[in-house]
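The structure appears right after this line, and notes come after that.
In the working numbering, the protein residues as written are 558 to 749.
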């Protein structure tokens, strides 16, 4: 049986038209707007007057985060916090951080404290209480690290030191100022 190409021509044209129709339908389709909140920066949940606690392997509180208000946003998985207070308990004495506001990364590994950041380490047998103040501070809570490129003022007893740029390692108890460091340091008496 001999197949003639002219008899297949109408079938080829029909297939080409079907393919073209499919392509045109796809190319001109208007996507339906999403209604899942991912395109808007609206909070998907709100918490007020809350405290979160991170426990170590033995079930002891490693640190806690308390705040007046927390807003979580689904579009970028960010979390904004009002009047945060972060307290470390793992390395005595307790170390406290507070600010007017903060932003927490989606994985919770970075907390960006903003506006009137204050830090306070309570007195220990070896050291007087220590405080510091800055306009901003980035905190890595699981590692007990913090840093900023903003001006910082540290106070311990009568000693006052200020500078620009700061790193704190709470586990090693090291506080480092990076630039334009000035201050007055007095001999430290033991805790009174």
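For each residue, glycine too, the CB sits at the ideal point set by N, CA and C.
Of 651, 737, 736, the smallest CA-CA separation from residue 728 is found for 651. Separation of residue 744 and residue 725 (C-alpha to C-alpha, rounded to the nearest whole angstrom) is 22 Å. Contact annotation, residue 672 with residue 656: C-beta distance approximately 6 Å; criterion of less than 8 Å satisfied.
Residue 679 and residue 588 have their C-alpha atoms spaced approximately 58 Å apart. Under DSSP, residue 668 forms a beta bridge with 661, 696.
The stretch 706–741 contains, as complete beta strand (DSSP E) runs of 3+ residues, the segments 716–726, 731–741 (chain order). Beyond the five residues adjoining it in sequence on each side, residue 646 comes within less than 6 Å, by CB distance, of 618 in the same chain, given in chain order. Taking C-beta atoms under 8 Å as the contact rule, residue 740 and residue 716 qualify, at a distance of about 7 Å.
The alpha carbon of residue 624 has as its nearest neighbour, out of 643, 634, 612, the alpha carbon of 643. Here residue 713 is buried. Its C-beta has 16 or more other C-beta atoms within 10 Å. With a cutoff of 8 Å on beta-carbon distance, residue 632 and residue 653 are scored as not near each other.
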